[in-house]
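Trainee: Okay, handing you the structure first.
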Amino acid sequence: VSIVVVIFIYLMFILLDYPKYRRDWRGLLPEPYRDRVIEFLTEFDAVLRRYFRGQFIIAMCCGVLFAIGFTIIGLPMAIPFGLFVGALNMIPYLQLIAAVPAAGLILLSYLSGDGDLVWMFVGAIVVFGAVQLIQDAFLTPRIMGKAVGLSPVAVLLGVFIWGKLLGFLGLLLAIPLTCLGIAYYRRFVLKHSQSETSLTATPD
């Protein structure tokens with residue numbers, strides 16, 4: 032979790048100075064490859080923007096689901112806490128660390144005599160599991176797939192492959208890495224293949 036937080040902080044600082052970086056980095060590229068690299072990075076930048084937009088929508092949906100679930104089981108401060116857990120979901124799977132404050136709220140409710148300890152613990156586990164299942168099986172493939180132009184199957188396949196290759200970090204970066212791979216394939220492999228085909232088909 033600490034690694035994820037550090038990465039997130041670095042990304043925030045990079046985004047703050049992004050316009051300056053965007054102006055300066057072009058001069059660092061070799062002249063023969065500059066146009067192709069800029070085209071590729073521009074396409075990836077557009078996909079990445081759509082990715083964060085889709086992730087924001089998913090986080091809002093999860094926040095509403097958590098708020099409803101916590102209200103049903105009688106958790107104190109159910110709505111604000113549910114929305115907070117949803118906001119954590121801007122970084123995939125970070126909402127799981129909310130299990131610790133959730134346990135504290137359950138214990139607080141039990142000590143004040145407002146709830147049944149076992150029921151609330153079981154209910155909280157069910158809520159976390161149900162929302163995670165809905166997110167992984169429906170929200171992420173549908174919303175994120177539409178945002179970045181990938182089919183739900185491609186999203187799930189990308190999450191599986193990158194998770195296998197890079198572990199937890201792969202799960203976090205699965206969709207951006209998949210988009211990066213597709214952008215590379217379209218810009219370099221597919222375009223180069225089409226160019227060779229057109230040259231071969233051109234009569235002498």
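So for the sequence shown, the numbering used here puts the first residue at 32; every next one is plus one.
Note that the Cβ used here is the ideal one computed from N, Cα and C, for glycine as well.
Please read these numbers as outputs of a predicted model, since none were measured by experiment.
Residue 180 by DSSP, collapsed to three states: which one?
Mentor: Against the sequence shown, residue 180 aligns to sequence position 149. Note: residue 180 maps to coil in three-state DSSP.
Trainee: Would you kindly work out how many angstroms separate the C-alpha atoms of residue 100 and residue 155, rounded to a whole number?
Mentor: In the sequence shown, residue 100 corresponds to position 69, counting from 1. In the sequence shown, residue 155 corresponds to position 124, counting from 1. So the alpha carbons of these two residues sit roughly 8 Å apart.
Trainee: For residue 83, does the count of other Cβ atoms within 10 angstroms reach 16, so buried, or fall short, so exposed?
Mentor: Within the sequence shown, numbered from 1, the residue matching residue 83 stands at position 52. Residue 83 comes out exposed.
Trainee: Taking 9 Å as the threshold (C-beta atoms), are residue 114 and residue 97 in contact?
Mentor: On the sequence shown, residue 97 is found 66 positions in, with the first residue counted as 1. On the sequence shown, residue 114 is found 83 positions in, with the first residue counted as 1. Yes, these two residues count as a Cβ contact at 9 Å.
Trainee: Can the beta-carbon of residue 104 be found less than 9 Å from the beta-carbon of residue 151?
Mentor: Along the sequence shown, read from residue 1 onward, the residue named residue 104 stands at position 73. Along the sequence shown, read from residue 1 onward, the residue named residue 151 stands at position 120. Yes.
Trainee: Once you ignore the five residues that flank residue 106 on each side, which residues in its own chain have a CB closer than 6 Å to its CB?
Mentor: The sequence position of residue 106 within the sequence shown is 75, counting from 1. Closer than 6 Å at Cβ, skipping near neighbours: 136.
Trainee: Can you grab the Cα-Cα spacing for the pair residue 163 / residue 72, in whole Å?
Mentor: Here the question's residue 163 lines up with position 132 in the sequence shown. Here the question's residue 72 lines up with position 41 in the sequence shown. Taking the straight line joining both Cα atoms gives about 32 Å.
Trainee: So, under 8 Å CB-CB, residue 166 and residue 69 are touching, yes? Tell me the CB distance rounded to an integer number of Å.
Mentor: On the sequence shown, position 135 is the one that residue 166 refers to. On the sequence shown, position 38 is the one that residue 69 refers to. In fact, because the Cβ distance is near 35 Å, the residues do not count as touching under 8 Å.
Trainee: Can you have a look at residue 94 and say buried or exposed, based on whether 16 or more other CB atoms are within 10 angstroms of its CB?
Mentor: Against the sequence shown, residue 94 aligns to sequence position 63. The residue is buried, with at least 16 neighbouring Cβ atoms inside 10 Å.
Trainee: Going by other Cβ atoms of all chains shown within 10 Å of its Cβ, with 16 needed for buried, is residue 123 buried or exposed?
Mentor: Residue numbering aside, residue 123 sits at position 92 when the sequence shown is read from its first letter. When all chains shown are included, residue 123 counts as buried.
Trainee: Excluding sequence positions up to five away, which residues of its chain have a Cβ less than 8 Å from the Cβ of residue 195?
Mentor: Stepping through the sequence shown from its first residue, residue 195 is reached at position 164. 201.
Trainee: Report the three-state DSSP secondary structure of residue 122 (helix, strand or coil).
Mentor: Here residue 122 is taken as the residue at index 91 of the sequence shown, counted from 1. The answer is coil: DSSP assigns residue 122 none of H, G, I, E or B.
Trainee: Could you check if residue 148 is buried or exposed, using at least 16 other CB atoms within 10 Å of its CB as the buried criterion?
Mentor: As a working note, residue 148 is residue 117 in the sequence shown. Its Cβ having fewer than 16 others within 10 Å, residue 148 is exposed.
Trainee: What does the alpha-carbon distance come out to for the pair residue 192 and residue 180?
Mentor: To locate residue 192, count along the sequence shown from 1; it is residue 161. To locate residue 180, count along the sequence shown from 1; it is residue 149. Using only the alpha carbons, I get a separation of about 18 Å.
Trainee: Take residue 215 and list the residues in its own chain whose beta-carbon comes closer than 7 Å to its own, dropping the five residues that flank it on each side.
Mentor: To locate residue 215, count along the sequence shown from 1; it is residue 184. So the list reads 71, once near-sequence residues are dropped.
Trainee: For residue 190, which residues in the same chain have their Cβ closer than 6 Å to its Cβ, ignoring the five residues on either side in sequence?
Mentor: On the sequence shown, residue 190 is found 159 positions in, with the first residue counted as 1. 205.
Trainee: If you run the structure through DSSP and keep just helix, strand and coil, what is residue 147?
Mentor: Position 116 of the sequence shown, counted from the first residue, corresponds to residue 147. Coil.
Trainee: Helix, strand or coil for residue 106? Go by DSSP, reduced to three states.
Mentor: Working through the sequence shown from its first residue, we reach residue 106 at position 75. Of the three classes helix, strand and coil, the one that applies to residue 106 here is coil, per DSSP.
Trainee: Quick one: Cα of residue 121 to Cα of residue 87, how far?
Mentor: One-based indexing of the sequence shown puts residue 121 at position 90. One-based indexing of the sequence shown puts residue 87 at position 56. Cα-Cα distance, rounded: 6 Å.
Trainee: For residue 230 and residue 177, I'd like the C-alpha separation in whole angstroms.
Mentor: The count along the sequence shown starts at 1 and reaches residue 230 at position 199. The count along the sequence shown starts at 1 and reaches residue 177 at position 146. Interpretation of residue 230 is limited by its pLDDT of 48, a score under 50 that renders its predicted location unreliable; the figure taken from the coordinates is listed afterwards. Whole-angstrom Cα-Cα distance: 35 Å.
Trainee: Note down, in chain order, each residue of its chain lying with its Cβ closer than 8 Å to the Cβ of residue 184, except the 5 sequence neighbours on either side.
Mentor: Counting from one through the sequence shown, the residue named residue 184 turns up at place 153. Around residue 184: 172.
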